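The sequence shown begins at 2 in this note's numbering and counts up by one.
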Amino acid sequence: MSDLVQDREESRSGDCPPCPGRPVLERIDARQAEIGKGFVVRRAVPTRARRMIGAWCFLDHAGPVDHGPGEGLRVGPHPHIGLQTFTWMIEGEALHRDSLGLEQIIRPGEVNLMTAGRGIVHAEESPTSDAGRLHAAQLWIALPEAERHRAPSFHHHAKLPVIERDGFAVTVLAGEALGEVAPAQVFSPLVGMDLTSSGSARTRLPLESGFEYGVMCLRGSVAVEGETIAPGILLYLGIGRAAVDIQCDEATQLLLVGGAPFGEEILVWWNFVARTPEEIRTASDDWNAGAFKEVPGTALAPLNAPPIEGLRLKGADR
């Protein structure tokens, strides 16, 4: 899914404390919003405390929610530039359509990876009028300078590596971990893992010491290096860890993301990842002028870009 909250606030990656250069345990409250009846979205990245974790520049935990008849996901066509959207479906289904003419239903245990590059448009909706339960994690990955103007693409990954480890099922979502490599093509050194347990479990998970990491609980509660978190809290681990201790006493699910600290300052606004205010203005103007390609097959109305006049972009007048 996309930026369901449609946050109008700009996010500059430099407007937060730098990566501390050492291990830390930093608790960050996700910003919470309710969109539609009972549909709660918790935004853990970006926040003022932490704008990025490696190349991961956006993390929403959406749901779970039980949609009634006639209800469901309805996100009309909208554009992206300069990023990859990464959807991890936990419960329920969603239908993706994009301006490349592609259609794909994503189901639990699957990943949709859309590389926007120089520009793409997509829409997402529940595939039937009986949407039922929906629970997902939506992440964005900032593309580095050498890749951010590449041709757009979309890939669906139905089979991901899963490792049984000390009572946890560890799914490698992105990058490499525990000797397995996820199929998603990414363009920065990073990793994403889902850890799920049906009851009490404890493991010592090896990490890449050159990566910074964050952990978000999706279900239940979990102790990470002795620090207990539940849904709505991101635990930032800093950099320099060779391993992390993870323990739970109940059925639990958590998301661990990490990566090499991103060496470029980025600017995030609406559905765009750019480097300068001028790029944001150009993308917004192009969208409003109809310069992006349309999404075939959808009856949903396109989303409107927020007024650019309300954008408080630093350096906008330079």
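Ideal placement from N, C-alpha and C gives every residue a C-beta, glycine not left out. Because the structure is a prediction, the values reported are computed rather than measured.
Tell me whether residue i is buried or exposed, calling it buried when 16 or more other Cβ atoms sit within 10 Å of its Cβ.
i	result
His123	buried
Asp195	buried
Ala147	exposed
Gly102	exposed
Met2	With a pLDDT of only 48 at Met2, under 50, the local geometry of the prediction cannot be trusted, and no value is derived from it.
Val223	buried
Ala300	exposed
Val182	exposed
Cys218	buried
Arg44	buried
Ala306	buried
His79	buried
Asp99	buried
Val14	What sits at residue 14 in the sequence shown is Ser, not Val. Buried, because 16 or more other Cβ atoms sit within 10 Å of the Cβ of Ser14.
Leu304	buried
Arg319	Note that Arg319 scores 30 on pLDDT, short of 50, meaning its location in the model is unreliable; the coordinates nonetheless yield the value given after this. By the 10 Å Cβ count, Arg319 comes out exposed.
Ala202	buried
His97	buried
Pro308	exposed
Thr129	exposed
Determine whether the beta carbon atoms of residue i and residue j lie at a separation below 8 angstroms.
i	j	result
Trp288	Ile281	no
Ile36	Gly259	no
Ala152	Gly110	no
Thr253	Ser198	yes
Pro207	Ala170	no
Val274	Ala159	no
Gly204	Ile247	The amino acid occupying residue 204 in the given sequence is Thr; Gly does not appear at that position. Taking 8 angstroms as the Cβ cut-off, Thr204 and Ile247 qualify as a contacting pair.
Asp321	Pro70	Limits of the chain in this structure are 2 at one end and 319 at the other, which puts residue 321 out of reach.
Ala34	Val46	no
Gly200	Glu265	no
Ile121	His157	no
For residue i and residue j, which I take to be in contact (beta-carbon distance under 8 angstroms), what is that distance rounded to the nearest angstrom?
i	j	result
Trp57	Leu174	Their Cβ separation, rounded to whole angstroms, is 11 angstroms, which puts Trp57 and Leu174 out of contact at 8 angstroms.
Val187	Gln85	7 angstroms
Tyr214	Glu27	Going by Cβ atoms, the distance from Tyr214 to Glu27 rounds to 11 angstroms, so no, they are not a contact pair.
Arg52	Cys17	5 angstroms
Gly73	Glu126	7 angstroms
Gly211	Ala261	6 angstroms
Ala284	Ile82	5 angstroms
Gly239	Arg49	Not confirmed; about 17 angstroms, so no contact.
Ala302	Gly77	5 angstroms
Return no unless some Cβ of chain C is closer than 8 angstroms to the Cβ of residue i.
i	result
Arg151	In summary, chain C is missing from the structure at hand, where a single protein chain is found.
Kindly examine the ligand NAD and report whether one of its heavy atoms sits closer than 7 angstroms to the Cβ of residue i.
i	result
Ala224	Among the ligands in the structure shown, none appear at all, so the ligand NAD cannot be discussed.
Considering only residues of the stretch 221–257, which uninterrupted beta strand (DSSP E) runs meet the minimum length of 3 residues and lie entirely inside it, listed in chain order? 223–225, 228–230, 234–240 and 244–249
If you scan the stretch 90–173 from start to end, which runs of the beta strand (DSSP E) of 3 or more residues do you find wholly inside it? Segments of the beta strand (DSSP E) lying fully in the stretch 90–173: 95–99, 104–107, 112–116, 121–126, 133–143, 154–158 and 163–166.
Touching or not, the stretch 113–123 and the stretch 56–73, by the rule of three or more beta carbon pairs under 8 angstroms? no
Could you tell me whether the stretch 134–150 touches the stretch 76–95, where touching means 3 or more Cβ pairs closer than 8 angstroms? yes
Which runs of the beta strand (DSSP E), 3 residues or longer, sit entirely within the stretch 44–99? DSSP runs (the beta strand (DSSP E)) wholly in the stretch 44–99: 57–68, 75–81, 84–92 and 95–99.
Would the stretch 149–164 and the stretch 221–238 be scored as touching if the rule is three or more Cβ pairs under 8 angstroms? no
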